[in-house]
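Colleague: My questions will all concern the structure given below.
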Amino acid sequence: MANEENFGFKKSTINWYPGHMVKAIREINEKIKLVDLVIVLLDARCPKSSLNPLLSDSLKNKKCLYVFTKKDKADTQKTNQWVHYFKKQDIRVVAIDAREGKNDKLIIKEAELLMKEKREKDLAKGLKPRPIKTMIVGIPNVGKSTLINALVGKKVVAVGDKPGITKAQQWIKINQNLELLDTPGVLWPKFDNQIIGYNLSIIGSINDTILPIFDVALYFIDFIKKNYPQSLKNRYQFDDVNEEALNILTKIAKRQNYLLNNKEEDLERTSRFILQEYRMGYLGKMTLEQCKDDE
93 MANEENFGFK KSTINWYPGH MVKAIREINE KIKLVDLVIV LLDARCPKSS LNPLLSDSLK
153 NKKCLYVFTK KDKADTQKTN QWVHYFKKQD IRVVAIDARE GKNDKLIIKE AELLMKEKRE
213 KDLAKGLKPR PIKTMIVGIP NVGKSTLINA LVGKKVVAVG DKPGITKAQQ WIKINQNLEL
273 LDTPGVLWPK FDNQIIGYNL SIIGSINDTI LPIFDVALYF IDFIKKNYPQ SLKNRYQFDD
333 VNEEALNILT KIAKRQNYLL NNKEEDLERT SRFILQEYRM GYLGKMTLEQ CKDDE
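According to this note's numbering, the sequence shown is numbered sequentially starting from 93.
Shown next as structure tokens:
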């Protein structure tokens with residue numbers, strides 16, 4: 093996996109923890125005791141960065157289904173490597189594009205398989221089968237609302253391309269066998285590794301006003317240069333991407349005609365632009381984290 097030294101960034105800590113997230117993580121830890129199964133959503137573009145460490149203790153003794161969202165925007169080969177990595181740790185995992193119609197059946201099937209043993213034991217005791225109580229958790233903007241609407245088959249929760257759409261927990265009936273507790277997207281108070289903060293900012297899980305957007309964009313351009321140089325060439329018709337990230341950002345500003353009143357390049361606007369290009373998929377399929385066996 094890329095580290096800070098690879099790109100010339102000094103190690104620092106990023107602190108950002110809105111009050112509603114403090115409340116949300118407390119409520120998740122309280123309600124998790126009441127559910128049979130937890131669906132943990134991870135962004136396929138950075139599975140490790142999007143795994144909330146605050147939930148690790150709560151998930152230890154729970155049946156869990158890990159779902160990689162937005163696989164359509166991630167590097168397919170890298171996604172397969174990450175899925176294999178999780179499965180080697182006996183973690184049940186699937187990768188999806190939540191907009192595909194078949195995913196609702198896949199998720200429901202996986203949930204039922206995970207709960208099969210328990211339900212059989214209940215039947216053996218003469219207990220009447222009841223709906224599987226499931227909780228869905230994940231970081232902001234990971235695609236929870238999109239997936240829930242797909243599971244239900246209609247729009248029951250608001251969807252947006254920015255963090256913070258879901259504000260409170262709510263129970264949603266998927267079908268007669270499955271009930272789902274939706275929860276707000278939550279992060280954690282401090283990122284000791286700055287790369288995690290950059291990754292989450294790049295995919296839009298941290299609001300663009302929190303981190304210096306210019307620094308995030310420069311990091312991202314350096315990452316593309318090293319890992320997906322053809323994407324820059326194809327999207328912006330660059331013949332050579334071996335220049336400094338700042339020079340590349342400046343050229344993109346000129347091509348987009350993003351200029352300030354004094355005719356200087358508006359690099360902040362251009363920084364937001366290139367990140368949005370990635371989030372919308374215009375730069376092609378990219379995964380921000382390398383998967384290694386020693387992760």
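Every residue gets a Cβ at the ideal spot worked out from N, C-alpha and C, and that includes glycine.
1) The alpha helix (DSSP H) that contains R347, what's its start and end?
2) What did DSSP end up calling E381 once you bin it into helix, strand or coil?
3) Give the DSSP bridge partners of R118, in chain order.
4) Can you name the residues that DSSP bridges to A187?
5) Go through the stretch 205-231 residue by residue and report every complete run of the alpha helix (DSSP H) that reaches 4 residues or more, in order.
6) For the beta strand (DSSP E) containing L270, name the first residue and the last one.
7) Would you mind giving the Cβ-Cβ distance between I117 and L157, rounded to the nearest angstrom? I have them listed as a contact below 8 Å.
8) With a 10 Å radius around its C-beta and 16 neighbouring C-beta atoms as the bar for buried, classify I183 as buried or exposed.
9) Look at L273 and K180 and say whether their C-beta atoms are less than 8 Å apart.
10) So is W263 buried or exposed if we call it buried at 16+ other beta carbons inside 10 Å?
11) Does the distance from the C-beta atom of L352 to that of D358 stay below 8 Å?
12) Looking only at its chain, what residues have a beta carbon closer than 7 Å to the beta carbon of Y328, apart from the 5 residues adjacent to it on each side?
13) Determine contact between the stretch 276-291 and the stretch 360-375, defined as no fewer than three beta-carbon pairs at a distance below 8 Å.
14) What do you get for Y374, buried or exposed, if any count of 16 or more other CB atoms within 10 angstroms of its CB means buried?
Modeller: On the basis of the data shown:
1) For the purposes of this step, residue 347 is taken as the residue at position 255 of the sequence shown. In the DSSP annotation of this structure, the continuous segment of the alpha helix (DSSP H) that includes R347 starts and ends at 337-348.
2) In the sequence shown, the residue the question calls residue 381 occupies position 289. E381 carries a coil assignment under DSSP once its states are collapsed to helix, strand and coil.
3) The residue labelled residue 118 in the question sits at position 26 within the sequence shown. For R118, which the question treats as bridged, DSSP gives no partner whatsoever.
4) Here residue 187 refers to the residue found at position 95 of the sequence shown. Beta-bridge pairing links A187 to F160.
5) Unbroken alpha helix (DSSP H) stretches of 4 residues or longer found wholly inside the stretch 205-231: 208-216, given in chain order.
6) Your numbering for residue 270 matches position 178 in the sequence shown. Taken as a continuous stretch (DSSP letters only), the beta strand (DSSP E) holding L270 covers 270-274.
7) If you number the sequence shown from 1, residue 117 lands on position 25. If you number the sequence shown from 1, residue 157 lands on position 65. The beta carbons of I117 and L157 sit about 20 Å from each other, so the pair does not count as a contact at 8 Å.
8) Taking the sequence shown and counting its residues from 1, the one referred to as residue 183 is at position 91. With fewer than 16 other Cβ atoms from the protein chains shown falling within 10 Å of its own Cβ, I183 counts as exposed.
9) The residue labelled residue 273 in the question sits at position 181 within the sequence shown. The residue labelled residue 180 in the question sits at position 88 within the sequence shown. A distance of 8 Å or more separates the beta carbons of L273 and K180.
10) Numbered from 1 along the sequence shown, position 171 holds the residue referred to as residue 263. Taking all protein chains in view, the Cβ of W263 is surrounded by fewer than 16 other Cβ atoms within 10 Å, so the residue is classified as exposed.
11) Numbered from 1 along the sequence shown, position 260 holds the residue referred to as residue 352. Numbered from 1 along the sequence shown, position 266 holds the residue referred to as residue 358. Pairing L352 with D358 gives a Cβ-Cβ distance under 8 Å.
12) Within the sequence shown, residue 328 is the residue found at index 236, counting from 1. Only I344, R347 meet the Cβ criterion.
13) Segments in contact, no.
14) Start at 1 with the first residue of the sequence shown, and residue 374 comes out as number 282. By the 10 Å Cβ count, Y374 comes out exposed.
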